[in-house]
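S.K.: Residue numbers (this note's numbering): 1107 to 1210.
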Amino acid sequence: MPSVALFFRTYSTFLTQPGLYLEDLYIQPQYRENGMGKALLVELARIAVERGYGRLEWAVLDWNTPAIEFYQRMGARLLREWIPNRVTAEALLHLAEGRPNQIH
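Right, dumping it as structure tokens:
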């Protein structure tokens, strides 16, 4: 399989409507630069519009300049005002036990 797009439905309280979150978009290197990424994003946008969703969103690593530039060419806007948060491993266990103050 030369490419994969893993996505799921979300809900935006700001828009008060559902959206699509693109968890992963991967195209094997030998298939890049031939329109496959654009075709996948177009299809995801079509699905979102067809279902009445208000947005398509995803995250990209700040060092992945080629991807950032590609997404911007597709009309994406970087959301620099949002800061991602994550709780994993021991911190997740502490939080699940109701002891978030013990997270270091």
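Glycine residues also receive a C-beta, built at the ideal position from the N, C-alpha and C atoms.
1. Rounded to whole angstroms, what's the CA-CA distance from threonine 1119 to glycine 1160? Just pull it up for me.
2. Grouping DSSP H, G and I as helix and E and B as strand, with all else coil, what is glycine 1125?
3. Just the C-alpha distance for isoleucine 1189 and proline 1108, rounded to the nearest angstrom, thanks.
4. Below 8 Å between beta carbons: does that hold for phenylalanine 1114 and tyrosine 1127?
5. Leucine 1150 and leucine 1162 look like a contact to me (Cβ under 8 Å); what is the Cβ gap, rounded to whole Å?
6. Output needed for proline 1206: all residues of its chain with C-beta closer than 7 Å, excluding positions within five of it in sequence on either side, in chain order.
7. Can you grab the Cα-Cα spacing for the pair glycine 1181 / asparagine 1191, in whole Å?
8. Rounded to a whole number of angstroms, what is the C-alpha to C-alpha distance between tyrosine 1117 and glycine 1204?
9. Between which residues of its own chain and proline 1124 is the CB-CB distance below 6 Å, once the five residues before and five after are set aside?
10. For glycine 1141, is the classification buried or exposed, using 16 other Cβ atoms within 10 angstroms of its Cβ as the cut-off for buried?
11. Could you give the DSSP three-state label for leucine 1185: helix, strand or coil?
M.R.: Let me lay it out:
1. Computed Cα separation, rounded: 11 Å.
2. In this structure, glycine 1125 counts as strand in the three-state DSSP scheme.
3. Within the model, the alpha-carbon separation for isoleucine 1189 versus proline 1108 is close to 32 Å.
4. It is a contact, given that the beta carbons lie within the stated cut-off.
5. A Cβ-Cβ separation of about 6 Å places leucine 1150 in contact with leucine 1162 under the 8 Å criterion.
6. Closer than 7 Å at the Cβ level, and outside the excluded window around proline 1206, lie His1200.
7. The alpha-carbon atoms of glycine 1181 and asparagine 1191 are separated by roughly 25 Å.
8. Our two residues, tyrosine 1117 and glycine 1204, have alpha carbons roughly 27 Å apart in a direct line.
9. Correct list, in chain order: Arg1115, Tyr1117, Tyr1159.
10. By the 10 Å Cβ count, glycine 1141 comes out exposed.
11. In the three-state reduction of the DSSP assignment, leucine 1185 falls in the coil class.
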